[in-house]
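S.K.:
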Amino acid sequence: MAAAAVQLLLLGVLGGCAAGVGVGVPLAPGVSLGVGSGGNVNLGVGAGHGPVGVGVGVNQHGQVSAGAGVGASRGPVGAGVGVNQRGQVSAGAGVGTSVPVGRARVGAGVGTSRVIHDPDSVYRN
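Below, the structure written as structure tokens:
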């Protein structure tokens, strides 16, 4: 279940999570391709092992984001901390669920994330 928290975290880091739906297709053990929408359409590749995950995504405008994080979950509730390619550190929490559909998983979730450190902030947090 820690992988679900990392996926929620990466959605927050990569996509500014609010609410969304997505489909994940396993490519290899621990690696999956995902397509999701939470107002914007995102396509990404993520990998994880235990509570640690990394991912790269691109939105419908061609903007590429990358992130890495660590998270934990209990049932459908997850929380985690991650960092993106600009060095911003975000904390996030969310609730989600998914079901298997063939080899893929289809899921929906809602969550929130907040930048807790931005190296480019004028207000150095």
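For reference, each letter of the sequence shown is one residue, going 163 to 287 in my numbering. The beta-carbon is built from N, C-alpha and C at its ideal position, and this holds for glycine as well.
1) Considering only C-alpha positions, which residue in the set Gly192, Ser199, Gly196 and Gln225 is nearest to valine 214?
2) In three-state terms, what does DSSP make of arginine 276?
3) Helix, strand or coil for arginine 267 per DSSP?
4) Could you tell me which residues DSSP pairs with glycine 240 in its beta bridges?
5) Quick check on DSSP: helix, strand or coil for asparagine 246?
M.R.: Taking the geometry as given:
1) Answer by Cα proximity: Gly192.
2) The three-state secondary structure of arginine 276, taken from DSSP, is strand.
3) Per DSSP, reduced to three states, the secondary structure at arginine 267 is strand.
4) Bridge partners of glycine 240: Ser235 and Gly256.
5) Asparagine 246: strand per DSSP, three-state reduction.
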